[in-house]
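Residue numbers (my numbering), protein chains in the order written: chain A, 9 to 345; chain B, 8 to 406; chain C, 1435 to 1715.
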Amino acid sequence: MTVLDERPPAFQDVAEPRVIDPGLPTADRTFRGVVRVIGLFVLLLTSAIGIFLGLQAVPTLQKYGLSFFTETQWEPRSNTVGIAAVFVGTIEVALVALAVGFPLALLTALFISEYAPPRLKSSLVSLVDLMAAVPSIIYGLWGFMVLQPHAIHLSRWLATYLGWIPIFHVDTDATSASWQQSSFTASAFIAGLAVSLMVIPLACAVMRGVFALAPLGEREAAFALGSTRWGMVRAVVLPFGRGGIIGGTMLALGRALGETIAVLLIISPTFDIKWNILSVGTNTFSALIAGRFGEATATQLSALLTAGFILFAMTIAINTVAAIFVNRSRSGAATEI
Amino acid sequence: MTDVMDTPTSGAAMPTLRVEYAAGERASGAAEIVPQLRSELGLDDQDAPLETPRARPLHQRSLDDNASLIGSAVGSLALVWLLYERVLPLSGTIGFVVCWFVAFLVIYSAVTSMVYPRPMVVDRIAQAVVTSGAAIVGFALAWTIIWIFLQGLPALIHLNFYTEDMAGVGLNDPLTKGGIKHAIVGTAIQVGIATAIALPLGVGTAVYMTEVGGRLSRTVRTVVEAMTALPDILAGLFVYALLIITLGWQRSGVAAALALAVTMMPIIARSAEVVLRVVPGGLREASLALGASQWQTVRRVVLPTAKAGLATSLILGIARIAGETAPLLIVSGASSFFNANPANEPMNSLPLFIYDAVRRPDGLTIQARGYGAATLLLIMVLVLFVVTRFLARDKGPSR
Amino acid sequence: MAISPSLESITEPTPLDAAAGASHGATLEADSITAWFGSNRVLDRVSLTMPSRTVTALIGPSGCGKSTFLRILNRMHEQVPAAKLAGEVRLNGDDIYSPGHRITDTRRRIGMVFQKPNPFPTMSIAENVTAGLKLTGTRISRGDRDDLVERSLRRAGIWDEVKDRLDALGGALSGGQQQRLCIARSLAVDPDVLLMDEPCSALDPTSTRRVEQTIEELRDDVTIVIVTHNMQQAFRVSQQCAFFLAEQGTPGVIIESGRTEDIFGSPTDPRTEDYVNGRFG
């Protein structure tokens, strides 16, 4: 098979490249085969999670139909289950986490890449990595025991002055001297604050990584024009890092949507669609699953798996978009300077 | 001075120049003018061979810089102190700090704008805001770590905390009785099994993505990347529904380890891929050009080159799953007694023990034990982390 | 300045124009500059006067401290961590490193063009030209801005090539055009001095020729200091030349400086002669 054409080379059709037999040794064929099988196995396994959850969702969706998405209650015994309340709760907690976490992550990333003394930089980067490695149950504990008593004052302040905005409204007299602290605890707001601690290191690491790639040439050009440091950051670093900022934020959102244990420790579960994030009680997908699986019968489990599938679909979609943003900002925008 | 310094109007400018040699001994045509120059410069009082000059300070913060910063901080503190809780209808420490910060920014910008133009004001405010943002995050991290250490200390100082289990120990029994040996061993076994599964698969996948490639590998990469952020509870739910409900397994250490392995695998695959990708292509080509097979190249050149980076990604993966609670909540039943057999009987683990303990409203010492376990978990993570830094410093890619 | 009479004594007597300094560039004097990176000394007591209306070329082999010296002249040196410095740099007699001088003002008055063209890729051509004003917070009316864009691009000799696409992104230009855009950007803030760090090393011969013409045209308005590895270029564009050399293990020094024709025609130091004749470096 090595000789495809008997004619001398000059007469061969040059448009037709000749086939080269790579002639791999057996060891290499084995190696490539084994590694390929591993890759495919991982691909299959990870896809299996999605497919498995998806298949489990079918009977539930057939049984409850659209009401699964509109029903707020989760009462498998009386045969009413729906994810409307946990959906809203999940989004609320995630958005609070982002509202707090995004600016802090951005500022921290800017501080580390632009303002910190150079010799501290690598230690600060490790510190952010460490922050990401702290188990989430510890953040949950801290949020519950330490942050909550302080944060309810913030809740009260928001309720007092911004209570006319529906999401900040609380059904209690926040202004009275003996205000009801318990109406402000265990809320989506507090849970979001704790979750923000977990998403900050994630978003910060992505943003800092992209900021660090901002070309030196452009930075120096800005300085040489007489720019202040902030002027340089605005003209060079932030435009360059836009993809990283968006991507990091979306990764953080994906993480915030799925966070379980910290939310479970803080919230008191309710099953209403609540728009007022400051008042007591909320629920999320993951907290619902973790809280209800123990008592679950077969039908209930199927319903929980369906909820899990929806969470899965949401996070995978967000993470994929985030990955596209981050990768694009790392390759395309990088001018070779 | 301008009249002497400046050069002629005509285009054929005659340059003015002054030459000074580093050391006087260099002989050249211009050397004779040096003494003259030196006297003009008033340098003659210093003697001929110049001392090594002393570096002058750069990046200097002027007195004004520091004074306006500290002054604004103190002034705003005093102002807010005066007004807070009296005039402003606010309460709580967080509110106080927020008010202080806002007042500080206002005063600082006002002070700066008295002397400096707008870009400088903006620059200083930006610096203050950026630094404060980072400080808040650092403060929260430090507070968390210190707090958990203080909470855990009462339990940690007892030796029996590490050598006994909780079998037959009541919720209110003193800390001198019972311990979390079962949880420590459980975590060690589960993490060990998970690592044994996830490491070869993860690294193998990374090798597939970087060394073999092809269209399918891009799909693998996309899926793996998306899976790194899979909500941890879903891994537990998957294993629970597949193994325990469908296949009728027991809740056990193996089930827990499998759930952890599912979480860990994409993390290792992805970070290992990043590490392998930065191994210079020239090294691979050099090895292939010597007649080595691809397998030999990977085994003898690529993997050893990336060793430190791979170790880092392994340890970060371990640190990540050691504290994973949500999947364990589902697949591994809690127990209070020692069980070193992962195949049957529920097996406790540190995260699960913590979760269980701190949610007991009754019982003072059980909560203290929970905090003790949390501290221990954090210490483990910290140790792993320091080891990682140590490895990373060795060599290998830092990012 | 105390040194002025001696300066006159070592140059040929020339007619002086008292008013020249005010509007046509400024004199930059480096006095006994020593520079370190960490503990590594890279320059040792280098002194050089760069008069107005003159193009000063800094020549010498790689690693002799020319670029460091250039970056010291507008305080870009400090950008490098662990960079240290001794000596003074005087712009019209004022030490730019003295505490009273704001670093941003200094850099604005002493512009810099880098080795590789570095237009801001997210800004249009016109925005690139006015970037310096924006970055230093200088307000300018719309009409003035358009004038400034045109004037700066004309001075940089690129107006005719880009006048129809001022809103295109700066990164879309060719390398030579990008470099002239960077020159226009530096000129838009009306600097007294323009430092150029091998501005043509990344360009083809035609673009190089255009940049050299630009330098020639600018000389009357701006004091220019240029680092170059190209001997012909140094000879073509400069009136004054300084030869830097760092001999094995020692920090860089100026071996010889003077009128370009003297340095190239009758150098006093044999090392200079060897270098300009291409015998080493």
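C-beta atoms are modelled at their ideal positions from N, C-alpha and C, and glycine is treated no differently.
Only residues of its own chain outside the window of five on either side were considered, and among them Ile337 and Val338 have a CB closer than 6 Å to the CB of Tyr247 of chain B, listed in chain order. Under the three-state reduction of DSSP output, Ser310 of chain A falls in the helix class.
Interface residue (Cβ-Cβ distance to chain B less than 8 Å): Ala321 of chain A is not classified as such. Around the beta carbon of Thr34 of chain A, fewer than 16 other beta carbons lie within 10 angstroms, which makes this residue exposed. For the pair Glu352 of chain B and Leu359 of chain B, the Cα-to-Cα distance works out to about 15 Å.
Here Gly1545 of chain C carries a strand assignment [DSSP, helix/strand/coil]. The C-alpha of Leu112 of chain B is placed about 28 Å away from the C-alpha of Arg1541 of chain C. Sixteen is the threshold: when 16 or more other Cβ atoms of the shown chains lie within 10 Å of the Cβ of Tyr147 of chain A, as they do, the residue is buried. The criterion of a C-beta distance shorter than 8 Å is satisfied by Val245 of chain A and Phe219 of chain A. Comparing C-alpha distances from Asp1594 of chain C to each of C:Arg1543, C:Glu1650, C:Asp1703 and C:Arg1644 shows the shortest one belongs to C:Arg1644.
Taking a C-beta distance under 8 Å as the contact criterion, Leu384 of chain B and Leu357 of chain B qualify as a contact pair. Approximately 6 Å separates the beta-carbon atoms of Trp283 of chain A and Pro174 of chain A; this is inside 8 Å, confirming the contact. At a cut-off of 8 Å, the C-beta of Leu371 of chain B has no neighbouring C-beta in chain A. Using a Cβ-Cβ cut-off of 7 Å, Gly90 of chain A is close to nothing in chain B; its nearest Cβ partner there is about 19 Å away. Only buried fits Asp172 of chain B, as 16 or more other CB atoms lie within 10 angstroms of its CB. The beta carbon of Leu138 of chain A lies closer than 7 Å to none in the same chain, with the five residues before and after it left out. By the rule that beta-carbons nearer than 8 Å mark a contact, Arg1542 of chain C touches chain A. Listed as beta-bridge partners of Ala1520 of chain C by DSSP are C:Thr1468. Trp256 of chain B carries a coil assignment under DSSP once its states are collapsed to helix, strand and coil.
Counted as a single uninterrupted DSSP element, the stretch harbouring Arg263 of chain A is not any beta strand (DSSP E) but the alpha helix (DSSP H) occupying residues Arg250 to Gly266. Note that the C-beta distance between Leu241 of chain B and Gly316 of chain A is below 8 Å. Contact residues of the segment 1633-1663 of chain C toward chain A are absent (C-beta to C-beta distance below 8 Å). By the criterion of a C-beta distance shorter than 7 Å, Gly1609 of chain C is surrounded in its chain by Pro1551, Ala1636, Leu1637 and Ser1641, once the five residues flanking it on both sides are discounted.
In this structure the segment 289-298 of chain B does not lie against the segment 230-238 of chain A, because fewer than three pairs of beta carbons, one per stretch, are closer than 8 Å. The segment 293-313 of chain A and the segment 102-113 of chain A do not touch, with fewer than 3 CB-CB distances between them shorter than 8 Å. Interface flag for Tyr1531 of chain C against chain B is set, since a Cβ pair is found closer than 8 Å.
In the structure shown, Trp1593 of chain C falls within a helical segment according to DSSP collapsed to helix, strand and coil.
Out of B:Pro334, B:Ser139, B:Arg61 and B:Thr100, the CA that lies nearest to the CA of Pro238 of chain B is found in B:Pro334.
Those residues of the segment 1504-1518 of chain C placed with their C-beta closer than 7 Å to a C-beta in chain A are Asn1508, Met1510, Gln1513 and Pro1515, ordered along the chain. Between the C-alpha atoms of Ser1486 of chain C and Gln1673 of chain C there is a straight-line separation of about 11 Å. Against Leu65 of chain B, the close residues of chain C are Arg1509, His1511, Glu1512, Ala1517, Lys1518, Leu1519 and Tyr1531, in the order they occur along the chain (beta-carbon pairs closer than 9 Å). Nearest to Met216 of chain B by C-alpha distance, out of B:Val282, B:Ala85 and B:Ile361, is B:Val282.
Residues of chain C whose Cβ lies closer than 8 Å to the Cβ of Ala62 of chain B are, in chain order, Thr1468, Trp1470, Lys1518, Leu1519 and Ala1520. By the rule that beta-carbons nearer than 8 Å mark a contact, Val104 of chain A does not touch chain B. In summary, Gln70 of chain A is exposed, with fewer than 16 beta-carbon neighbours lying within 10 Å of its beta-carbon over all protein chains present. Nearest to Phe344 of chain B by alpha-carbon distance, out of B:Thr194, B:His189, B:Arg225 and B:Ser259, is B:His189.
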